[in-house]
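Written out below as structure tokens is the structure these notes cover.
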Amino acid sequence: MTPRPIAKLVQGDAACAEGAIAAGCTFFAGYPITPATDIAEVLAWRLPQVGGKFIQMEDEIGSIAAIIGASAGGAKSLTATSGPGISLMQENIGYAAMAEIPCVIVNVQRLGPSTGRPTAPSQGDVMQARWGAHGDHPIIALAPSSVREAFDLTVKAFYFSEKYYTPVILLMDEVIGHMRERVVLPDYDTIERMERSGTVVPPEWYKPYENLPNDIPPLVPFGEGYRYHITGLHHDERGYPTNRLDEVQPWLERVFRKIDRSLSDILLYDEDGIEGAEVVVIAYGATARSAHHAVEMARERGSKVGLLKLKTIWPFAEEVVEYASAQASRVVVPEMNLGQLVLEVERVLGRDKVRRVNRADGEMIKPTEILAAIEEWE
Amino acid sequence: MKRLQRESRVHEKYLRHNKKFPNVWCAGCGIGIVMGAIIRAVDNLQLDKDDVAMISGIGCTGRMPVYVDFNTMHTTHGRALAFATGLKMVRPEMKVIVVMGDGDALAIGGNHFIHAARRNIGLTAIVVNNSTYGMTGGQYSPTTPTGVLAATAPYGHIEQPFPISELAVTARAAFVARSTVYHVQELEKYIAQAITKDGFSLVEAISYCHTTLGRLNRWGTATDMMRRLKEQSVTRRQCEKMSEEEREGKIIRGVFADRDIPEYTQLYDQIIERAQKEALRFPSNAKESLRFPSNAKESLRFPPNAKEAAQ
Chain C
0 MTPRPIAKLV QGDAACAEGA IAAGCTFFAG YPITPATDIA EVLAWRLPQV GGKFIQMEDE
60 IGSIAAIIGA SAGGAKSLTA TSGPGISLMQ ENIGYAAMAE IPCVIVNVQR LGPSTGRPTA
120 PSQGDVMQAR WGAHGDHPII ALAPSSVREA FDLTVKAFYF SEKYYTPVIL LMDEVIGHMR
180 ERVVLPDYDT IERMERSGTV VPPEWYKPYE NLPNDIPPLV PFGEGYRYHI TGLHHDERGY
240 PTNRLDEVQP WLERVFRKID RSLSDILLYD EDGIEGAEVV VIAYGATARS AHHAVEMARE
300 RGSKVGLLKL KTIWPFAEEV VEYASAQASR VVVPEMNLGQ LVLEVERVLG RDKVRRVNRA
360 DGEMIKPTEI LAAIEEWE
Chain L
0 MKRLQRESRV HEKYLRHNKK FPNVWCAGCG IGIVMGAIIR AVDNLQLDKD DVAMISGIGC
60 TGRMPVYVDF NTMHTTHGRA LAFATGLKMV RPEMKVIVVM GDGDALAIGG NHFIHAARRN
120 IGLTAIVVNN STYGMTGGQY SPTTPTGVLA ATAPYGHIEQ PFPISELAVT ARAAFVARST
180 VYHVQELEKY IAQAITKDGF SLVEAISYCH TTLGRLNRWG TATDMMRRLK EQSVTRRQCE
240 KMSEEEREGK IIRGVFADRD IPEYTQLYDQ IIERAQKEAL RFPSNAKESL RFPSNAKESL
300 RFPPNAKEAA Q
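Chains as they are written, first to last, in numbering that gives the first Met the number 0: chain C, 0 to 377; chain L, 0 to 310.
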């Protein structure tokens, strides 16, 4: 029944919206903001075609609240926004992490702080994606660097979100969101859709936040005969508020553990010519495109350069970065901000061999700027 | 006796006994009375507990869902209606009851309140209006009367209070009623009507906070404040016969709106039907979404740059 789009020229935002449809998303709530509005526009049109629902809420806070509510009802839910909107959403992103409710939040990053430069590209929300909501909480954030990846990683975002019962942030940037590229999208029937594990026990034995060996809470959607309580307060296995010290920190440790034990599943990255490379460039998002070009230029000029493109930004791929940089004498980290993910790279590798390439004026980093760092021009 | 038996049966059926009681509310508080009225209303309507959801925000009233045996959600401050909107959209068959305090619904959540009413989505909003922020200790709220003392108004409150029910009527809610925690049976009746109503319905339950605002203003004990609700409140009919001066400071009880307007999720089902019909008729159009994110024609008329420039 679903029309199968075999596209020629696709916009990044539209690819993200189609990725959501392909992943089985049936609910979107959002509020207009450039450069993320196109996702809402496509889904307002496409979701009802597949029996899903779209709503434009009164603000971004209402939007994320609505998708968490919808997800509690069992729908795969999505919202999309940009800088000012993602700042408004932080409290409820923390709520979703606390109550372990799956949802996907797309942040098409634009230059901040505040209203910033609408709508120039930026990668300035990397640290916010990790620590934007108050309190310790786990999060998964993915960053696409092409239109096809915007599609694929949206599918992945739903996959992780439903599998690990956690909010997932798709950290796009304006370049990817507004860019049009020639892509062929896969048949949606071939896409692996993750369904929530739920529970096997009858309602009378049911504990929604039971500590199971796999650390995944057996939450069942509302309305299916399992009546329970969801709260943003620290809660016990039954979901009821607790102040017991033997329940608070163990809960926190469990939600971190459910992500940390699955890093081999969650960490997505592409490596290119890492083996024997003297210089390794670590990049993500739109900047990875410039980095790719810079690496090719450097190779043409005879340098041994590798490229590590991170698709999973959070949790940070510590061991991948460590392994990829083991033989390199220099690591170059270009970012469209004043240095955010590079802090993580420096934490893992030390500051000696890390070179930063930063730009936070709303322009993309040029390949030559990265090349300069690779070849250490003075 | 019969009444007591019914009371204990309803408590047995609708309260969570695996949750440690007593509750968080102070002795003499009106919120428990509202909770009792809600579960009796649900019992009267013979709803299946699995089909009822109760969603709340933050504050004293926000703690209500944990005690009742429905699908319950205790959300963030002010956002209960927005969470409920999402749930109602994906589970339209569910009766979604949203309980909020006056600060929760009208201050931090005021925007969601008027828009949920305007949208006419089938939620039952119950606002327990005690004119203060009780949990944090008696600060002034959007419904605190002018002139009274509050923890954050030590020299007297200088703002005007929100008339919650009148606001909901103006925001085009389908059903609006106000009662007090003294008039329990009336409250129960209104809540049952609100749950039955197709569309956004609001029941404003006037309550009090004797431990914070009452203490600061020397309004006496919970019993004294309950008596004030009895003496100060009038029905709409009584009110019509009163002069402007007599109405001053009175709580007007009654149904303020009961209109039949199309409910949001039902309207949305028509959209789904139409979209699916069109997708079948013009399958090639679906591809256009990829090339022109809005709609092909619109996007040609308003090139993306013009939209950005307008930002």
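Note that the Cβ used here is the ideal one computed from N, Cα and C, for glycine as well.
No experiment lies behind these values; they were computed from the predicted model shown.
So which residues on chain C does residue i lean against when the C-beta distance must stay under 8 Å?
i, result
"VAL65(L)", "HIS228, THR230, TYR239 and PRO240"
"ASP68(L)", "ARG226"
"GLN231(L)", "Near GLN231(L) there are no residues of chain C at all, since even the closest Cβ is about 34 Å away, more than 8 Å."
"ALA173(L)", "Going along chain C, no residue has its Cβ under 8 Å from ALA173(L), so there is no contact; the nearest lies around 18 Å."
Can you list the residues of chain A that residue i reaches, using a CB-CB cut of under 8 Å?
i, result
"ASN128(L)", "Of the chains in the structure shown, none is chain A; the protein chains are C and L."
If we define contact as Cβ-Cβ less than 8 Å, is residue i a contact residue for chain L?
i, result
"GLY50(C)", "yes"
"ALA71(C)", "yes"
"THR367(C)", "no"
"ALA28(C)", "yes"
"ILE190(C)", "no"
"ILE54(C)", "yes"
"VAL107(C)", "no"
Between residue i and chain C, is there a C-beta pair that is closer than 8 Å?
i, result
"ILE271(L)", "yes"
"TYR139(L)", "no"
"ASP267(L)", "Going by the sequence as given, residue 267(L) is Tyr instead of Asp. Closer than 8 Å to some Cβ of chain C, the Cβ of TYR267(L) qualifies, so yes."
"ASN119(L)", "no"
"ASN17(L)", "yes"
"LYS306(L)", "The pLDDT assigned to LYS306(L) is 46, lower than 50, so where the model puts this residue is not dependable; a value taken from the coordinates is nonetheless given after this. Closer than 8 Å: yes."
Residue i and residue j look like a contact to me (Cβ under 8 Å); what is the Cβ gap, rounded to whole Å?
i, j, result
"ALA19(C)", "GLY29(C)", "About 12 Å; that fails the 8 Å criterion."
"GLY176(C)", "ASP351(C)", "With 8 Å as the limit, GLY176(C) and ASP351(C) do not qualify as a contact, their Cβ atoms being about 36 Å apart."
"LYS206(C)", "GLU252(C)", "Not really, about 18 Å apart at Cβ, beyond 8 Å."
"THR74(L)", "ILE96(L)", "Wrong, their Cβ atoms sit about 13 Å apart, outside the cutoff."
"VAL175(L)", "ALA167(L)", "5 Å"
"SER302(C)", "GLU374(C)", "7 Å"
"ILE163(L)", "VAL127(L)", "Not confirmed; about 10 Å, so no contact."
"ILE250(L)", "GLY198(L)", "About 25 Å; that fails the 8 Å criterion."
"ASN129(L)", "TYR207(L)", "6 Å"
"MET88(L)", "GLY56(L)", "Not a contact, Cβ separation roughly 19 Å."
Please list the partners that residue i has in chain L, where partner means a Cβ-to-Cβ separation under 7 Å.
i, result
"GLU57(C)", "ASN110, HIS111 and HIS114"
"ILE66(C)", "GLY85"
Interface residues of chain L around residue i at Cβ under 9 Å?
i, result
"ILE60(C)", "THR75, GLY77, ARG78, ALA81, ASN110 and HIS111"
Going along chain C, which residues have a C-beta under 7 Å from residue i?
i, result
"ALA274(L)", "PRO47 and GLN48"
List, in chain order, every chain L residue whose beta-carbon is nearer than 8 Å to that of residue i.
i, result
"GLY222(C)", "ASP49, ASP50, ALA52, ASN70, ARG90, GLU92 and MET93"
Would you check whether the ligand ADP has a heavy atom nearer than 7 Å to the C-beta of residue i?
i, result
"ASN119(L)", "Ligands displayed in this structure: none; no statement on the ligand ADP is therefore possible."
Scan the stretch 68-93 of chain C for residues whose Cβ lies nearer than 8 Å to a Cβ of chain L and list them as they occur along the chain. GLY68, ALA69, SER70, ALA71, GLY72, GLY73, ALA74, SER76, GLU90 and ASN91
Counting only Cβ-Cβ distances shorter than 7 Å, please list the residues of the stretch 83-102 of chain L near chain C, keeping chain order. ALA83, THR84, GLY85, LEU86, MET88, VAL89, ARG90 and MET93
Specify whether the stretch 109-122 of chain C and the stretch 194-201 of chain C touch according to this definition: at least 3 beta carbon pairs, one from each stretch, less than 8 Å apart. no
Three or more beta-carbon pairs under 8 Å between the stretch 263-281 of chain C and the stretch 322-332 of chain C, yes or no? yes
Sufficient close CB pairs (3 or more, under 8 Å) joining the stretch 178-187 of chain C to the stretch 137-152 of chain C: yes
Determine which residues of the stretch 281-297 of chain C have a Cβ less than 7 Å from any Cβ of chain L, and write them out in chain order. none
Listed in chain order, which residues of the stretch 37-52 of chain L have Cβ atoms closer than 9 Å to some Cβ of chain C? LYS48, ASP49, ASP50, VAL51 and ALA52
Taking 8 Å as the cut-off, does the stretch 109-118 of chain L touch the stretch 80-96 of chain C (at least 3 CB pairs, one atom from each stretch)? no
Stretch-stretch touch, CB-based, cutoff 8 Å, three pairs: the stretch 61-79 of chain L with the stretch 216-235 of chain C: yes
Three CB pairs or more closer than 8 Å across the stretch 75-86 of chain L and the stretch 58-77 of chain C: yes
Does the stretch 212-222 of chain L come into contact with the stretch 126-143 of chain L, if we say contact requires no fewer than three beta-carbon pairs (one atom in each stretch) closer than 8 Å? yes
Take every Cβ of the stretch 123-141 of chain C, pair it with every Cβ of the stretch 158-171 of chain C, and state whether three or more of those distances are shorter than 8 Å. yes
Would you be able to state if there are at least three C-beta pairs under 8 Å between the stretch 289-307 of chain C and the stretch 98-115 of chain C? no
Is the stretch 124-131 of chain C touching the stretch 332-342 of chain C, taking contact as three or more C-beta pairs under 8 Å? yes
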